[in-house]
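A.B. asks:
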Amino acid sequence: MSVVALGPRQHPPRHTNRIRPVRQRTRPTLTITVDLGSGPVSPRLNRLLELLAEITESGEGRLSRADDAPAAVADPDLVRIRTGPRAVRQGDRTIPLTRIEYDLLLFLAERPRRVFTRLQLLHAVWGYDHAMARTVDVHVRRLRAKLGAGSPLLTTVHGVGYRLADEARVIVEG
Numbered sequence: 097m098s099v100v101a102l103g104p105r106q107h108p109p110r111h112t113n114r115i116r117p118v119r120q121r122t123r124p125t126l127t128i129t130v131d132l133g134s135g136p137v138s139p140r141l142n143r144l145l146e147l148l149a150e151i152t153e154s155g156e157g158r159l160s161r162a163d164d165a166p167a168a169v170a171d172p173d174l175v176r177i178r179t180g181p182r183a184v185r186q187g188d189r190t191i192p193l194t195r196i197e198y199d200l201l202l203f204l205a206e207r208p209r210r211v212f213t214r215l216q217l218l219h220a221v222w223g224y225d226h227a228m229a230r231t232v233d234v235h236v237r238r239l240r241a242k243l244g245a246g247s248p249l250l251t252t253v254h255g256v257g258y259r260l261a262d263e264a265r266v267i268v269e270g
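So the number in my numbering is just where the residue sits in the sequence shown, counting from 1, plus 96.
#1: On the three-state DSSP scale, how would you describe Y258?
#2: Report yes if the CB atom of V236 is closer than 8 Å to the CB atom of Y258, and no otherwise.
#3: Find out if the Cβ-Cβ distance for the pair E206, V253 is shorter than 8 Å.
#4: Which value, in whole angstroms, describes the spacing of the CA atoms of A264 and L249?
#5: Roughly how many whole angstroms lie between the Cα atoms of R189 and D173?
#6: Roughly how many angstroms lie between the CA atoms of P136 and G246, to the nearest whole one?
#7: Pull up the distance between the alpha-carbon of I53 and that of D171, whole angstroms please.
#8: Mapping the DSSP letters down to three states, classify V211 as helix, strand or coil.
#9: With H, G and I counted as helix, E and B as strand and the rest as coil, what does DSSP make of E263?
#10: Among I177, Y224, P192, which has the Cα closest to the Cα of L204?
#11: Quick one: Cα of L201 to Cα of R238, how far?
#12: Identify whether A229 lies in helix, strand or coil by the three-state DSSP scheme.
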């Protein structure tokens, strides 16, 4: 986490070659950047985010999120799983997933660094055990194809099953 406090901006002399005007800051500004990582949010960090939201709602501050940033600066490897609308975005594009592909990705993203057998995934994601275990392989292959080979998201643990890759950049949002 980084915190930057800035005083009111001192206005420099006008430059005629400036393309767009600079937003004038008339009050002190506090900028807090929190790297949420790919794992679950800790209770203490969650409380901090709730307090910041309360301050914003009371009118004492303005909360801007990364979603407010222009799409041009979106990280092409970052995968955002939005649980409310059941949508997945990678960088600035929406990834169309089937219900099972979405549920499989969400299940693994909510449990990073854990390996699951095909039977465990069948039970947890599909809700039953009597299907062929290779069904999981087919859905993992399709999910990898949709997310692209450039961003390894799901790792095969040979002889065991699957897990979310250590280098996967995934955020689960409400």
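Here a beta-carbon is modelled for each residue, glycine too, at the ideal position from N, C-alpha and C.
C.D. replies: So, from the listed chains and residues:
#1: As a position in the sequence shown, residue 258 is number 162, starting the count at 1. If DSSP states are grouped into helix, strand and coil, Y258 belongs with the strands.
#2: In the sequence shown, counting from the first residue as 1, residue 236 sits at position 140. In the sequence shown, counting from the first residue as 1, residue 258 sits at position 162. It is a contact, given that the beta carbons lie within the stated cut-off.
#3: Stepping through the sequence shown from its first residue, residue 206 is reached at position 110. Stepping through the sequence shown from its first residue, residue 253 is reached at position 157. The answer is no: Cβ separation not under 8 Å.
#4: As a working mapping, residue 264 is identified with position 168 in the sequence shown. As a working mapping, residue 249 is identified with position 153 in the sequence shown. Looking at the two C-alpha atoms, the distance is approximately 5 Å.
#5: Along the sequence shown, read from residue 1 onward, the residue named residue 189 stands at position 93. Along the sequence shown, read from residue 1 onward, the residue named residue 173 stands at position 77. Straight-line Cα distance between these residues: approximately 11 Å.
#6: For this step, residue 136 is matched to residue 40 along the sequence shown. For this step, residue 246 is matched to residue 150 along the sequence shown. About 25 Å.
#7: Outside the shown range of the chain, which is 97 to 270, sits residue 53, and nothing can be said about it.
#8: To locate residue 211, count along the sequence shown from 1; it is residue 115. Here V211 sits in coil by DSSP.
#9: Along the sequence shown, one-based indexing puts residue 263 at 167. Correct three-state label for E263: coil.
#10: As a working note, residue 204 is residue 108 in the sequence shown. Comparing Cα positions, the closest option is I177.
#11: As a first step, residue 201 must be located in the sequence shown, where it is residue number 105. As a first step, residue 238 must be located in the sequence shown, where it is residue number 142. Distance between the alpha carbons of L201 and R238 is about 11 Å.
#12: In the sequence shown, residue 229 corresponds to position 133, counting from 1. Three-state DSSP puts A229 in coil, outside helix and strand.
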